[in-house]
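Novice: If you're matching positions, the sequence shown starts at 157 in this note's numbering and goes up one per residue. Note that the Cβ used here is the ideal one computed from N, Cα and C, for glycine as well.
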Amino acid sequence: MEIVFLRHGESTGNASGLIQGRGSSPLSERGMAQAEVVARRLTRGRPFDLIVSSDMERAVQTVGALGLPFERDAAWREMDLGAWDGVPITEVAKRFPEELAALRRGDPVPIGGTGETFPEFTARVRGAIERLVEKMEGNGRVLVSAHGGVIERVMAIVIGRPRAVAFAGRVANTSLTTVSVRPSGMRVDHYNDTTHLGPVSGWAAERLAAGDTVVALVRHGQTAANDSGIWQGHSDGGIDEEGRRQATRLAGWHGTFETLYSSPLGRALETAALLRADGVPVVVPGLMELGMGKWEGHTVEEIKAGWPGAWRAIYDEGEDIPRGGDGETWSGMVARVSEAIGDIARAHQGRLIGVVSHGAAIRGFCSSLIGLDHERRQSLIAPGNTSVSHIVFGADGPVLADYNVGPLQVT
157 MEIVFLRHGE STGNASGLIQ GRGSSPLSER GMAQAEVVAR RLTRGRPFDL
207 IVSSDMERAV QTVGALGLPF ERDAAWREMD LGAWDGVPIT EVAKRFPEEL
257 AALRRGDPVP IGGTGETFPE FTARVRGAIE RLVEKMEGNG RVLVSAHGGV
307 IERVMAIVIG RPRAVAFAGR VANTSLTTVS VRPSGMRVDH YNDTTHLGPV
357 SGWAAERLAA GDTVVALVRH GQTAANDSGI WQGHSDGGID EEGRRQATRL
407 AGWHGTFETL YSSPLGRALE TAALLRADGV PVVVPGLMEL GMGKWEGHTV
457 EEIKAGWPGA WRAIYDEGED IPRGGDGETW SGMVARVSEA IGDIARAHQG
507 RLIGVVSHGA AIRGFCSSLI GLDHERRQSL IAPGNTSVSH IVFGADGPVL
557 ADYNVGPLQV T
């Protein structure tokens with residue numbers, strides 16, 4: 157089962173810089189335009205078996221732009237913020253300092269005196285998810301038009317951090333966050349995707365304009381090994397014809413990068429050459445893929461058959477041991493990639509920087525930013541070939557702005 161969560165377009169309250177909980181405000185002119193754009197994207201994609209919306213005006217207006225039948229469900233309403241509702245965002249810290257601190261800690265304190273507690277809000281969203289899955293019997297494709305706080309709670313629940321408050325970038329207006337529901341649990345497939353509004357959009361664009369550094373992490377184009385289900389690791393080789401088409405399409409959509417770094421492996425270098433104006437990326441060894449040791453060159457079925465004990469230890473029991481006996485551990489790879497990306501970001505303050513790397517390397521770094529360890533890493537899907545994940549480097553360090561988005565990551 158797949159659930160696509162859509163945040164409403166910009167409301168008049170958003171445009172005025174006001175806190176919005178249960179208070180009603182319609183879409184602004186900009187919000188209506190955003191809703192039309194995301195509606196075109198969604199109606200051109202795969203059809204939905206069910207469309208559900210919060211019963212609040214801004215969510216209903218947004219989903220209404222699709223021109224398709226939908227149900228209303230009050231369970232998807234924004235958090236009840238009590239006396240905070242309608243207060244300028246800049247005034248909250250001054251007027252409600254103790255409640256704000258409690259919210260950030262996830263303490264069970266009614267927000268605004270009469271609103272929901274954070275645990276109550278999380279439980280409400282969890283219940284809404286469970287009822288939706290039960291209604292669909294775990295199958296089909298559903299669109300839910302909701303709110304930023306609701307989608308943040310969905311993300312926290314799916315990644316197994318229900319008490320976490322601020323762990324990723326702000327959910328942007330008309331962003332799409334996709335969750336897959338499987339027998340083994342839920343997984344985030346795409347987060348905060350606003351690529352229908354432009355390649356660098358939403359919260360990442362706001363922070364770049366404010367002077368923060370934004371790193372665009374790009375996974376290389378498809379290889380013959382990817383197409384055959386063979387694990388590559390540190391094994392070298394270029395991209396195939398489809399991979400070159402993917403990289404060319406990405407360059408046409410995102411534009412070429414003035415500053416671009418790449419893993420030294422051929423599949424990343426060949427992709428990077430198509431994404432940089434002069435075709436010459438800067439090579440950084442720390443951006444290499446997870447070393448798979450003796451597993452390299454084998455398919456999943458071959459690895460399961462040849463190394464059943466190691467496979468079971470890693471994928472069933474959650475142990476972080478060297479892949480293929482003499483490869484890398486997950487935590488070792490994450491530390492290596494994190495250091496490399498951090499060094500790159502610090503060298504280019506206030507700029508947009510491109511970095512071409514690999515599936516496990518990107519997933520490992522991004523999962524670490526949202527507090528996922530080795531055991532919980534599979535709550536985040538591996539990024540698709542030539543997908544982009546934006547990271548904002550600001551005063552508080554690196555923050556995940558979006559994940560696994562781009563022209564080929566069609567919703």
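Restricting to runs no shorter than 4 residues, where is the alpha helix (DSSP H) found entirely within the stretch 377-414?
Specialist: 380-384, 397-410
Novice: Which residue's Cα is closest to the Cα of A496: V371, D552, E414?
Specialist: V371 is the residue among V371, D552, E414 whose C-alpha sits nearest the C-alpha of A496.
Novice: For G447 versus H514, is the C-beta spacing smaller than 8 angstroms?
Specialist: No, Cβ-Cβ distance for G447 and H514 is not below 8 angstroms.
Novice: Given a threshold of 16 other Cβ atoms within 10 Å of its Cβ, counted over all protein chains shown, does S331 qualify as buried or as exposed?
Specialist: buried
Novice: Using a 10 Å radius around the Cβ and a threshold of 16 neighbouring Cβ atoms, would you call T278 buried or exposed?
Specialist: Counting the other CB atoms within 10 Å of its CB gives T278 a total of 16 or more, which places it among the buried residues.
Novice: So the candidates are F226, A501, V344; which of them puts its Cα closest to the Cα of I526?
Specialist: V344
Novice: CB I395 to CB E426, shorter than 8 angstroms?
Specialist: yes
Novice: Among the residues of its own chain, which have a CB less than 8 angstroms from the CB of A407, if the five just before and after it don't count?
Specialist: L430, L431, listed in sequence order.
Novice: Output needed for A501: all residues of its chain with C-beta closer than 8 angstroms, excluding positions within five of it in sequence on either side, in chain order.
Specialist: T369, V371, I509, I547, F549, P554
Novice: What does a CB cutoff of less than 7 angstroms around S523 pick up in its chain, not counting 5 residues either side in sequence?
Specialist: R533, L536
Novice: How long is the line joining the alpha carbons of F161 and N348, rounded to whole angstroms?
Specialist: Roughly 9 angstroms separates the two Cα atoms.
Novice: Which first and last residues belong to the beta strand (DSSP E) in which T334 is found?
Specialist: T334 -> beta strand (DSSP E) spans 332-338.
Novice: For my contact list, L183 and I207 are in at a C-beta cut-off of 8 angstroms; report their separation, rounded to the angstrom.
Specialist: At roughly 18 angstroms, the Cβ-Cβ gap does not stay under 8 angstroms, so L183 and I207 are not in contact.
Novice: Should N295 be labelled buried (16 or more other beta-carbon atoms within 10 Å of its own) or exposed?
Specialist: The residue is exposed, with fewer than 16 neighbouring Cβ atoms inside 10 Å.
Novice: Pick helix, strand or coil for I285, following the three-state DSSP scheme.
Specialist: helix
Novice: Taking only three categories from DSSP, how would you classify V475?
Specialist: The displayed chain sequence assigns Glu, not Val, to residue 475. Three-state DSSP puts E475 in coil, outside helix and strand.
Novice: If distances are taken between C-alpha atoms only, which option among K450, R363, L528 comes closest to Q505?
Specialist: R363
Novice: Among V335, A328, G367, which residue has its Cα nearest to the Cα of H352?
Specialist: For the residues V335, A328, G367, the minimum Cα distance to H352 belongs to A328.
Novice: Which residue's Cα is closest to the Cα of W232: V300, V544, V243?
Specialist: V300
Novice: Looking at the unbroken beta strand (DSSP E) that takes in T369, where does it start and where does it end?
Specialist: That run of the beta strand (DSSP E) goes 369-375.
Novice: Under the assumption that M444 contacts P420 (Cβ atoms under 8 angstroms), give the Cβ distance between them as a whole number of angstroms.
Specialist: 7 angstroms
Novice: In angstroms with no decimal places, state the Cα-to-Cα distance between R319 and V490.
Specialist: 24 angstroms
Novice: With respect to the beta strand (DSSP E) encompassing N348, which residues constitute its N-terminal and C-terminal limits?
Specialist: Per DSSP, N348 belongs to the beta strand (DSSP E) from 341-349.
Novice: In whole angstroms, give me the CA-to-CA distance for E531 and G262.
Specialist: 23 angstroms
Novice: Would you identify the three-state DSSP class for H546, choosing helix, strand or coil?
Specialist: strand
Novice: Consult DSSP for G447 and reduce its assignment to one of helix, strand or coil.
Specialist: coil
Novice: What does a CB cutoff of less than 6 angstroms around E234 pick up in its chain, not counting 5 residues either side in sequence?
Specialist: G177, H303, G305
Novice: Applying the 10 Å Cβ sphere with the 16-neighbour rule, what's the burial state of G399?
Specialist: buried
Novice: From the DSSP output, read off the bridge partner residues of I509.
Specialist: V371
Novice: Taking the alpha-carbon of G411 as reference, which of W451, V356, G367, V438 has the nearest alpha-carbon?
Specialist: Comparing Cα positions, the closest option is V356.
Novice: Just the Cα atoms here: how many angstroms apart are P275 and G201?
Specialist: 35 angstroms
Novice: Determine the DSSP secondary structure at R519, reduced to helix, strand or coil.
Specialist: helix
Novice: Can you tell me whether A302 is helix, strand or coil according to DSSP?
Specialist: strand
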